[in-house]
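To start, the structure itself, in structure tokens.
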Amino acid sequence: MLKLYHAGNSVCSIKARLALEEAELPWEGVELNLGRGDQHDPEYMTLNRAGVVPTLIDAGRVLVESSIIIDYVAGQSAGPSLIPSDPYRAARARQWCLRGLAMHAAANTVSFASFGRLPMLAKTPADRDAIYARMPDPDAAAKRRDLVDNGVNSPRVGAALAILRQMAEDIEAELTETKGPWLAGEQYSLADIAVAAYVYRTQCVGLSQLWTDTCPNMTQWWAALTARPAWLRATEPWLNDDQLAVMDLEGRKAFAPILAA
């Protein structure tokens with residue numbers, strides 16, 4: 084059986100769980116507590132040297148990076164095919180996977196510029212420094228420090244919002260081209276899985292205005308995607324209503340003035 088190391092509200096973990104559920108594959112989950120620093124445990128880091136989630140184990144073989152994981156899972160689907168039958172659309176789906184790096188960086192930025200910085204600000208400066216020191220990627224640590232210290236005043240925020248706005252515009256354009264209801268047309272696919280978690284995090288921090296006002300096809304696509312049973316199985320068991328309320332409140336407080344400007 085596939086084993087997935089994941090974290091409840093991690094966007095990349097949501098991607099991996101969604102792929103597994105849509106592929107109708109049995110899997111065993113090992114949930115890590117990122118706030119406690121489980122991802123930096125030496126034993127876990129023998130599996131994932133970057134100290135991030137998710138990590139997928141298949142018969143002792145290790146895969147990291149969520150876009151690689153969802154492509155691998157899609158190729159093994161026990162249910163309807165998740166790889167578009169049209170080679171061009173299959174390539175386009177993998178382009179969405181490739182864009183995951185930029186979309187993730189943007190989602191990470193808006194998260195830690197708003198609700199994600201609150202637990203860190205509650206710690207002493209010495210405790211915060213100790214957390215940054217445990218992060219294996221010094222660039223990621225520097226980014227985290229900047230966002231915790233400066234919030235939406237960080238210059239990273241403007242760039243992140245531009246990426247997320249472009250994401251919405253490109254989803255709208257793709258749905259217009261394929262005539263939907265999914266990014267590859269009639270077939271729900273890897274393309275939809277690749278972007279769903281990033282759209283979700285954008286919504287969670289009060290930024291759905293990036294598409295609701297100007298992207299009618301995307302708005303309809305998102306309503307259909309979040310009603311799918313696999314989406315509900317991939318999200319509801321791990322998402323805490325109180326946490327989601329904080330994300331929405333802090334996101335709206337942080338970004339409403341920027342959107343209104």
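Each position in the sequence shown, counted from 1, maps to that position plus 83 in my numbering.
All C-beta atoms in this analysis are idealised placements derived from N, C-alpha and C, irrespective of residue type, glycine included.
**OP:** For my contact list, A161 and E107 are in at a C-beta cut-off of 8 Å; report their separation, rounded to the angstrom.
**Re:** 5 Å
Subject >> Cβ neighbours of V278 in the same chain (closer than 6 Å, five flanking residues each side left out) >> reply: W179
Original post:
Just the Cα atoms here: how many angstroms apart are L290 and S96?
Top reply: 21 Å
Subject >> N- and C-terminal bounds of the beta strand (DSSP E) containing K86 >> reply: L85 to H89
Original post:
What runs of the beta strand (DSSP E), each 3 residues or longer, lie entirely inside the segment 129-195?
Top reply: 138-141 and 144-147
**OP:** Could you tell me which of A337, A213 and G91 sits nearest to Q47, measuring between CA atoms?
**Re:** Absent from the model: residue 47. The displayed extent of the chain is 84 to 344, so no value can be given.
Original post:
To the nearest angstrom, how far is it from the Cα of K262 to the Cα of A133?
Top reply: 39 Å
Original post:
Helix or strand or just coil, what does DSSP make of V240?
Top reply: helix
Original post:
Using the C-alpha atoms, what's the distance from I246 back to D253?
Top reply: 10 Å
**OP:** From the DSSP output, in three-state form, read off E269 for me.
**Re:** coil
**OP:** Please classify D212: is it buried, with 16 or more other beta-carbons within 10 angstroms of its beta-carbon, or exposed?
**Re:** exposed
Original post:
For the candidate residues A328, S237 and L293, whose alpha-carbon lies nearest to that of A343?
Top reply: L293
**OP:** Pick out whichever of C287, P202 and P264 has its Cα sitting closest to the Cα of G120.
**Re:** P202
**OP:** Note down the Cα distance separating D331 from N323, rounded to an integer number of angstroms.
**Re:** 12 Å
Original post:
Can you tell me whether DSSP reads E126 as helix, strand or coil?
Top reply: helix
Original post:
Relative to the alpha-carbon of D296, which residue among A251, F338 and H123 has its alpha-carbon at the smallest distance?
Top reply: A251
Subject >> E319, enclosing beta strand (DSSP E) - first and last residue >> reply: No beta strand (DSSP E) contains E319, which DSSP labels as neither H nor E.
Subject >> Same chain, Cβ closer than 6 Å to I140, neighbours up to 5 away in sequence not counted >> reply: K86
Original post:
Three-state secondary structure (DSSP) at V94?
Top reply: helix
Subject >> For V278, the three-state DSSP class (helix, strand or coil) >> reply: helix
**OP:** Counting only the same chain and skipping the five closest in sequence on each side, list residues whose C-beta sits under 8 Å from that of Y171.
**Re:** none
Original post:
On the three-state DSSP scale, how would you describe V288?
Top reply: coil
Subject >> Closest residue to P312 among S93, A102, Y215 and M186 (Cα-Cα distance) >> reply: A102
**OP:** Rank Y155, D154, Y88 and I153 by C-alpha distance to the C-alpha of N131 and give the top, closest one.
**Re:** Y88
**OP:** Quick one: using the 10 Å Cβ neighbour count with 16 as the cut-off for buried, is D210 buried or exposed?
**Re:** exposed
Original post:
Candidates P109, S93 and Q286: which alpha carbon is nearest V156's?
Top reply: P109
Original post:
Can you tell which of T207, I214 and N300 has its C-alpha closest to the C-alpha of L258?
Top reply: N300
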